[in-house]
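Enquirer: Please see the structure below; I have some questions.
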Amino acid sequence: MTTTSPRTAPAASLRGRVLKFTERLTTPLLPADYLDVIDPLRSGAALRGRLVAINPETRDSATLVIRPGRGWRGHLPGQYIRVGVDVDGIRQWRAYSLTSPTDRADGCITITVKAIPDGAVSTYLVRRARAGTIIQLDQAAGEFTVDNPSPGKVLFITAGSGITPVMGMLRDMRPDLTSDIVVVHSAPTAADVIFGGELRMLAAKGLIRLVEVHTDTEGVLDTDRLERVVDDLAERHTWACGPVGLLDTLERHWAAIGITDQLHTERFRPTVIATGEGGAVSFSASAVTVENDGNRSLLDTGEDAGVLMPSGCRMGICFGCVAPLRRGAVRDLRTGELTTAAEGDGVAIQTCISAAAGPCDIEL
Amino acid sequence: MTAVQETVADPSTHLSAADIENLGAELDAIREQVIASRGERDAAYIRTVIDTQRKLELGSRAILLFSLFPPAWLAGTVGLSVSKIIENMEIGHNVMHGQWDWMRDPAIHSTTWEWDNASPADMWKHSHNELHHTYTNVRGKDNDLGYGIMRVDDEQPWKPMYLIQPLSNAVNACFFQYGIAFYDLEIGKYLKGRVDKKDFIGRGRKVLSKIRRQATRDYVLHPLLSGPSALSTLTANLTANLVRNLWTHSVIMCGHFPEGVQTFARDSIEGETRGQWYLRQMLGSANISGSPALHFMTGNLSYQIEHHLFPDLPSNRYQEIAPKVRELFERYGLTYTTGPLPKQVVSAWTQIIRLSVPN
Chain A
7 MTTTSPRTAP
17 AASLRGRVLK
27 FTERLTTPLL
37 PADYLDVIDP
47 LRSGAALRGR
57 LVAINPETRD
67 SATLVIRPGR
77 GWRGHLPGQY
87 IRVGVDVDGI
97 RQWRAYSLTS
107 PTDRADGCIT
117 ITVKAIPDGA
127 VSTYLVRRAR
137 AGTIIQLDQA
147 AGEFTVDNPS
157 PGKVLFITAG
167 SGITPVMGML
177 RDMRPDLTSD
187 IVVVHSAPTA
197 ADVIFGGELR
207 MLAAKGLIRL
217 VEVHTDTEGV
227 LDTDRLERVV
237 DDLAERHTWA
247 CGPVGLLDTL
257 ERHWAAIGIT
267 DQLHTERFRP
277 TVIATGEGGA
287 VSFSASAVTV
297 ENDGNRSLLD
307 TGEDAGVLMP
317 SGCRMGICFG
327 CVAPLRRGAV
337 RDLRTGELTT
347 AAEGDGVAIQ
357 TCISAAAGPC
367 DIEL
Chain B
647 MTAVQETVAD
657 PSTHLSAADI
667 ENLGAELDAI
677 REQVIASRGE
687 RDAAYIRTVI
697 DTQRKLELGS
707 RAILLFSLFP
717 PAWLAGTVGL
727 SVSKIIENME
737 IGHNVMHGQW
747 DWMRDPAIHS
757 TTWEWDNASP
767 ADMWKHSHNE
777 LHHTYTNVRG
787 KDNDLGYGIM
797 RVDDEQPWKP
807 MYLIQPLSNA
817 VNACFFQYGI
827 AFYDLEIGKY
837 LKGRVDKKDF
847 IGRGRKVLSK
857 IRRQATRDYV
867 LHPLLSGPSA
877 LSTLTANLTA
887 NLVRNLWTHS
897 VIMCGHFPEG
907 VQTFARDSIE
917 GETRGQWYLR
927 QMLGSANISG
937 SPALHFMTGN
947 LSYQIEHHLF
957 PDLPSNRYQE
967 IAPKVRELFE
977 RYGLTYTTGP
987 LPKQVVSAWT
997 QIIRLSVPN
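Chains as they are written, first to last, in my numbering: chain A, 7 to 370; chain B, 647 to 1005.
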């Protein structure tokens, strides 16, 4: 027997056998289901974190200090994490930039969240979240990072909560602030500048040059003004994060002067989910896209299009037809209630009582 | 026209078609109220129940490692029995109904849940959620009516095999989890040639493999782990499974078999409206009255009427809407069948014994 199969290290196979044995002890559940009850942050568990503190930054933003589970693999300055929080009992996932340095002494990480009007998750995190709460995490991700060692001359252009990934970078660069760093940050007023105190202190110590643009009184930053306040921007590596309008303007300008490769941008795009009557339904796994008029069930529509649809009672009681809505909006045909999913959410919906309320993507 | 006109003493003849639709609209309103207020409190409830049940199971199994010591046997067996009952009823049954799907937590979701019962989740969901809850008490369509082996209503034609149904019901009660598994396999349908052979064998393998895993856990591995206490742990696990079987069987029997519960002819549900469907659920189910602890230990299936009206509402809410539902019964002149557990169990057994002989 052993001649045909590659030999595994004894430790690994012993560990495998122990695992197999404990699985037999806990069937139909997994050992993890019981261990989660005891220690949800242990190594080997699905990645979670515990909120340690929620510190206000401005009147509508706060920094959440999170102790990540032992499976946390660390991050690069400028990266973001997806967090899953239960708001009114419903698990919702959002992405936020990490604002802590990569080597924080206590091993915690921080994200800084600005409460946006009607933003269920951001409002919950800023206003209602309590220390001690367990939240779901993903490993850090994102390409908006600063090279190490950082290039000589740096320009950061940020607006609103766009300062958050940049703050993460600044906190990491700080110990060896040999770089020449300019930060141009836009916010409605001086009081709305997230990390205002820390940025101004860095500037006072001469570690960065800070240009604050208070848009309530000075208007939105344009490229003329930018050229005036940063006269050497063509010599700088620039990282920009903020609303789509600002980034579009910057990209056009950098392209016009032929230095596109010196500009790195991060788009904080709020997921705009179009809702209406009906829409194009894409059954992604079957590669079928069909129109649904908003009055027929997705189940009927899918079946007519030849998609292999799981189904059951066809009246909304048995949950035999549940499928993940990857993206888009559906309306409950019985109540008119809307369910929306952002990219990657995978909200399970009952196809037999749901109709399209805009374009949507069903994983079937 | 209505769902129930075929039944002998139809208790709803006084209701017009418009009455029935109004009744449906009022029930929809009750449902809406619960859905609109579903939230953190409910999520915390089910998480606490799951957390507590898992700790209770771990603790009980740990105590049973020393089951040679009689107090340990007793405490461990009681704990494990209670834990298995909660796991099957308040957690498993209700999660697999999709009652908690709205939380969007993949760990507590009807599509991912597997339970400590011989019947695999997907097969149980088909026969229970899809057939039983859709065709509740429709003779010839809802196999839960006597599980295909018993006669539980005067309208079901008598056959000689029903003579032994008091005995078969007692046996079924003791081995209830296997009864459910074989029932979910739809052996009867297969024998009549209405199920593809390959399909049937595939599902049979799945059931057997799950039974093997469950039995290995309870009757081999945990006893072996107990060392000198092996034999007493084995008897403890056997007892816990028996207690769970007897309890769940009794509760479930009370849901649809007691006196006063209606059954319906197959053709009576053609073109059934939402209001008529609701009415059928109201007439086809019976509650159990009792303390909060009793309701919890039945997985709130003691609110069988409310559960059948709204199978996907969180179970912790049934007690809250029960007075409103009961008030509707009174206003529409219908009988809300309910009674204490011993009375309902006796009533269901009386029916089974009475119906074992021809009318």
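Ideal Cβ positions, reconstructed from N, Cα and C, are used throughout, including at glycine.
Would P249 (chain A) count as contacting chain B if we go by Cβ distances under 8 Å?
Expert: It does not: the Cβ of P249 (chain A) has no partner Cβ on chain B nearer than 8 Å.
Enquirer: Please classify P276 (chain A): does DSSP put it in a helix, a strand, or coil?
Expert: Annotation note: pLDDT 48 at P276 (chain A) (below 50); position unreliable, no value reported.
Enquirer: Which residues mark the beginning and the end of the beta strand (DSSP E) in which L399 (chain A) is found?
Expert: Not covered by the structure: residue 399 (chain A). The range shown for chain A is 7 to 370.
Enquirer: So what does DSSP say about N962 (chain B), is it helix, strand or coil?
Expert: Helix.
Enquirer: Only counting the same chain, and skipping five residues up and downstream in sequence, which positions put a Cβ closer than 7 Å to that of P276 (chain A)?
Expert: Legend: pLDDT at P276 (chain A) = 48, less than 50; position of this residue unreliable, value from coordinates given subsequently. Contacts found: none.
Enquirer: Residues of the segment 90-105 of chain A with a CB closer than 7 Å to any CB of chain B: list them in chain order, please.
Expert: Result list: D92, D94, G95, I96 and R97.
Enquirer: Could you tell me which residues DSSP puts in a beta bridge with V296 (chain A)?
Expert: Per DSSP, A:V287.
Enquirer: Could you pull out every residue in the same chain whose Cβ sits closer than 8 Å to the Cβ of T223 (chain A), ignoring the five residues on either side in sequence?
Expert: Excluding residues within five positions, the ones whose Cβ falls inside 8 Å are T195.
Enquirer: Going by DSSP, what residue range makes up the beta strand (DSSP E) through Q142 (chain A)?
Expert: From DSSP, the beta strand (DSSP E) with Q142 (chain A) extends over I140 to L143.
Enquirer: On the three-state DSSP scale, how would you describe I998 (chain B)?
Expert: I998 (chain B) falls in the helix class under three-state DSSP.
Enquirer: Taking W245 (chain A) as part of the beta strand (DSSP E), name the residues at either end of that continuous run.
Expert: W245 (chain A) -> beta strand (DSSP E) spans H243 to G248.
Enquirer: Examine the Cβ distances between the segment 762-769 of chain B and the segment 308-324 of chain A and report whether three or more of them are shorter than 8 Å.
Expert: At 8 Å Cβ cutoff, the stretches do not touch.
Enquirer: Quick check on the DSSP output: the alpha helix (DSSP H) that includes D306 (chain A) runs from which residue to which?
Expert: Note, D306 (chain A): alpha helix (DSSP H), L304 to D310.
Enquirer: Hey, could you find the ends of the alpha helix (DSSP H) Y40 (chain A) is sitting in?
Expert: Run containing Y40 (chain A): P37 to I44, per the alpha helix (DSSP H) assignment.
Enquirer: What does F289 (chain A) reach in chain B if we use C-beta pairs closer than 7 Å?
Expert: Within 7 Å Cβ-Cβ: nothing; F289 (chain A) doesn't reach chain B, min ~17 Å.
Enquirer: Taking only beta-carbon positions, decide if P34 (chain A) is within less than 8 Å of chain B.
Expert: So yes, P34 (chain A) belongs to the interface.
Enquirer: With the cut-off set at 8 Å, would you say V217 (chain A) and V189 (chain A) are in Cβ contact?
Expert: Yes, the pair counts as a contact, with Cβ atoms nearer than the cut-off.
Enquirer: Taking W748 (chain B) and R684 (chain B) to be in contact with their CB atoms under 8 Å, please state how far apart those CB atoms are, rounded to whole angstroms.
Expert: Between R684 (chain B) and W748 (chain B) the Cβ distance is about 6 Å, and since that is below 8 Å, they are a contact.
Enquirer: Using 10 angstroms around the beta-carbon of G80 (chain A), count the other beta-carbons present and answer buried if the total reaches 16, otherwise exposed.
Expert: Per the 10 Å Cβ criterion, exposed.
Enquirer: What are the residues of the segment 304-338 of chain A that lie near chain C, defined by any Cβ-Cβ distance shorter than 8 Å?
Expert: Among the protein chains in the structure shown, which are A and B, there is no chain C.
Enquirer: Within the same chain, show all residues whose beta-carbon is closer than 8 Å to that of V841 (chain B), passing over the 5 residues directly before and after it, in chain order.
Expert: E832 and K835.
Enquirer: Are the CB atoms of E952 (chain B) and Y964 (chain B) nearer to each other than 8 Å?
Expert: Against a cut-off of 8 Å, the Cβ pair of Y964 (chain B) and E952 (chain B) comes out as a contact.
Enquirer: Given Q950 (chain B), which residues of its chain have a CB within under 8 Å of its CB, disregarding the five upstream and five downstream residues?
Expert: Within the same chain, Q950 (chain B) has close Cβ partners C900, G901, H902, S931, A932, N933 and I934.
Enquirer: Whose Cβ in chain B lies nearer than 8 Å to the Cβ of R4 (chain A)?
Expert: With chain A represented from 7 up to 370, any question about residue 4 (chain A) goes unanswered, as that position is not in the structure.
Enquirer: Taking contact to mean at least 3 C-beta pairs separated by less than 8 Å, is the segment 841-850 of chain B in contact with the segment 796-806 of chain B?
Expert: No, the segment 841-850 of chain B does not touch the segment 796-806 of chain B.
Enquirer: By DSSP, does S683 (chain B) sit in helix, in strand, or in coil?
Expert: Residue state, collapsed to three classes: helix.
Enquirer: For I967 (chain B), count neighbouring C-beta atoms within 10 Å of its own C-beta (all shown protein chains included) and say buried if the count is 16 or more, exposed if not.
Expert: I967 (chain B) comes out buried.
Enquirer: Whole-angstrom Cβ separation of A246 (chain A) and I163 (chain A), contact assumed at under 8 Å?
Expert: Confirmed, Cβ separation roughly 4 Å.
Enquirer: Report the rounded CA-to-CA distance for Q908 (chain B) versus Y982 (chain B), giving the unit in angstroms.
Expert: Going from the Cα of Q908 (chain B) to the Cα of Y982 (chain B) covers about 12 Å.
Enquirer: Within the continuous beta strand (DSSP E) that includes F903 (chain B), where are the two ends?
Expert: Run containing F903 (chain B): none; DSSP gives neither H nor E here.
Enquirer: Who are the neighbours of E776 (chain B) on chain A, taking C-beta pairs under 8 Å?
Expert: Per Cβ cutoff of 8 Å: G318, C319, C324 and G326.
Enquirer: Between A:P107, A:I72, A:S106 and A:L82, which lies nearest to G90 (chain A) when the distance is taken from Cα to Cα?
Expert: That would be A:I72, whose Cα lies nearest to the Cα of G90 (chain A).
Enquirer: Quick check: the Cα distance between E343 (chain A) and L82 (chain A), rounded to an integer number of angstroms?
Expert: Near 41 Å, if we compare the C-alpha coordinates of L82 (chain A) and E343 (chain A).
Enquirer: Under 8 Å between the Cβ atoms of P766 (chain B) and K852 (chain B)?
Expert: In contact: P766 (chain B) and K852 (chain B) (Cβ atoms closer than 8 Å).
Enquirer: With DSSP collapsed to three states, give me the class of T919 (chain B).
Expert: Note: T919 (chain B) maps to coil in three-state DSSP.
Enquirer: Taking the beta carbon of S288 (chain A) as the centre, do at least 16 other beta carbons fall within 10 Å, making it buried, or is it exposed?
Expert: The residue in question, S288 (chain A), is buried, as its Cβ has 16 or more Cβ neighbours within 10 Å.
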